[in-house]
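Mapping to our numbering: the sequence shown position 41 is 61, numbers consecutive.
Since the structure comes first, as structure tokens, the remarks are kept for the end.
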Amino acid sequence: MKTAVALLALGLAGMSLQAEVTKAPFGTEKNGKPVEMYTLKSPELEVKLITLGARIQTINAPDRNGAFADVVLGFSTAAEYQGEGGRYFGAIVGRYGNRIAKGQFAIDGKTYHVPINNNGQSLHGGLDGFDNRIWSAKQLPDGVEFTLVSPDGDQGYPGQLTAHVRYTLHGPSLKIEYSATTTKPTVLNLTNHSYFNLAGEGNGTILNQKVEIHADRYTPVDAVLIPTGELSSVAGTPFDFRMPHTVGERIEAANDQLKIAGGYDHNFVLNGEAGTLRTAAVALDPASGRLLRVETTEPGVQFYTGNFIKDGQMTGTGGKKYQHRGGFCFETQHFPDSPNHPAFPSTLLRPGQTFHSTTVFSFTAVQ
21 MKTAVALLAL
31 GLAGMSLQAE
41 VTKAPFGTEK
51 NGKPVEMYTL
61 KSPELEVKLI
71 TLGARIQTIN
81 APDRNGAFAD
91 VVLGFSTAAE
101 YQGEGGRYFG
111 AIVGRYGNRI
121 AKGQFAIDGK
131 TYHVPINNNG
141 QSLHGGLDGF
151 DNRIWSAKQL
161 PDGVEFTLVS
171 PDGDQGYPGQ
181 LTAHVRYTLH
191 GPSLKIEYSA
201 TTTKPTVLNL
211 TNHSYFNLAG
221 EGNGTILNQK
231 VEIHADRYTP
241 VDAVLIPTGE
251 LSSVAGTPFD
261 FRMPHTVGER
271 IEAANDQLKI
281 AGGYDHNFVL
291 NGEAGTLRTA
301 AVALDPASGR
311 LLRVETTEPG
321 VQFYTGNFIK
331 DGQMTGTGGK
341 KYQHRGGFCF
351 ETQHFPDSPN
361 HPAFPSTLLR
371 PGQTFHSTTV
381 FSFTAVQ
């Protein structure tokens, strides 16, 4: 797998062809607002994005024999993305991706309250997060830039926030660049919530796929999935993915953290310097040879194994029913509940500052 990553890096260096970008309607969301789709296509990859949630709808990537399959979980209509269970699939989540304990935090001595929507906590921005908004879109030569203006007080968050998410396709690599500014001090944690199945969406579970995460530490959680504040070593635990392991190898181990989350749903503290683009994780489907490499400037990545996907309750873009643990997420991010943990990397954004973050999803196939 290490060799595969090195080969991928060499291959990316030679890719310079500009992607083809096209636009088409994608129906309407639940309030009747039109949704648009943008298709980005290179010889190595095809990506479809929609304005509802500035989300990734599909990524078609080749296997070792050149056969393409959609490797992200998603739906054929906007309504399904707004339905029970499907809301975060492929979306940009915010203002604050992941959890904030009890839906409250303080800035400069003032306490703010945001909606509770997950077991007494606030998750992914609250009841009406960025995943549920229609973003404006501007076509670029090799991609799309989505923009959302979130007003002061939106879901309880202070400041008018202007967020931009730029997707560009370069050969086999989808680059996501985030930026944001605010009119008042606020907290911000933007990420993409795509579910990956490298065997193809709807093709069983991800338990036999191999994962490698470049992290010596992770953040353990309490009974409601809020970090305890510790940065614990992964050594000697089922959270040690410094060498590749299949997802299913230790997911049912007698480990309190796995029992709390019903699998993996934890933030990993990435090695290397935050703010620099470096490899966060690598995943491989041995059966097809499809390999995903994730690079990011973020300090952490949430590895989530689709623990709350219920068997047969959702039908994907290919017409197949999704299974429990039918996809995994690599949510590049700042740590969960950072506003309430001063020792964690700060998520505070002040007027005059610009938030920047980059994540790259790259796909290749190995023999």
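Built from N, CA and C at the ideal position, the CB exists for glycine as well.
Q: Go ahead and pull the three-state DSSP assignment for N138.
A: strand
Q: Starting from K279, follow the alpha helix (DSSP H) in both directions and report where the run begins and ends.
A: D276 to A281
**Q.** Proximity to L312 [Cα-Cα], best of P178, V169, A300 and Q180
**A.** A300
Q: Just confirm the distance between the C-beta atoms of N112 and A74, as a whole number of angstroms; I'd bet it's less than 8 Å.
A: Correcting the residue type first, residue 112 is Ile in the shown sequence and not Asn. Rounded, the Cβ-Cβ distance is 4 Å, consistent with contact.
Q: Determine the closest residue to L69 out of T239, V231 and F109, with distance taken between C-alpha atoms.
A: F109
(Q) Please classify N51 as buried or exposed, where buried requires at least 16 other C-beta atoms within 10 Å of its C-beta. (A) exposed
Q) The alpha helix (DSSP H) with A98 in it runs from where to where? A) A98 to Y101
Q. Does DSSP put Q373 in a helix, a strand or coil?
A. coil
Q. Looking only at DSSP bridge pairs, what is K43 linked to?
A. Y58
Q: Assign N152 to one of three DSSP states: helix, strand, or coil.
A: helix
Q) Nearest to N212 by alpha carbon, out of N223, T201, R186 and E221? A) R186
Q: Return helix, strand or coil for G176, following the three-state DSSP convention.
A: helix
**Q.** For E221, the nearest candidate out of H184, P178, A243 and S96 (CA to CA)
**A.** S96
Q: Have a look at T71, P171, L65 and G106 and flag the residue whose alpha-carbon is nearest the alpha-carbon of G86.
A: L65
Q. What residues are listed by DSSP as bridge partners for P247?
A. V241
Q. What's the call for L210, buried or exposed, on a 16-neighbour Cβ count within 10 Å?
A. buried
Q: Buried or exposed for H8, please, with buried defined as at least 16 other CB atoms from any protein chain shown within 10 angstroms of its CB.
A: The first residue shown for the chain is 21 and the last is 387, placing residue 8 beyond what the model contains.
Q. What's the call for K330, buried or exposed, on a 16-neighbour Cβ count within 10 Å?
A. exposed
Q) When you compare each of L297, L290 and F323 to L271 by their alpha carbons, which one comes out closest? A) A small fix is needed here, since residue 271 is Ile in this sequence, not Leu. Comparing Cα positions, the closest option is F323.
Q.
Using a 10 Å radius around the Cβ and a threshold of 16 neighbouring Cβ atoms, would you call Q141 buried or exposed?
A. buried
Q) Out of T182, D128, A98 and E315, which has the shortest C-alpha to C-alpha gap to F46? A) A98
Q: Inspect the beta-carbon positions of F259 and F288 and report whether they are closer than 9 Å.
A: yes
Q) Looking only at its own chain, which residues have a Cβ that is under 7 Å from the Cβ of V91, when we skip the five neighbours before and after it? A) I79, A81, F216, N217, L218, G220, E221 and R310
(Q) Less than 6 Å between C-beta atoms, sequence neighbours within five positions excluded: which residues of the same chain meet that for A29? (A) Only weak support exists for where A29 lies, its pLDDT of 42 falling under 50; the value from the coordinates is given anyway. Cβ within range, chain order: n/a, list empty.
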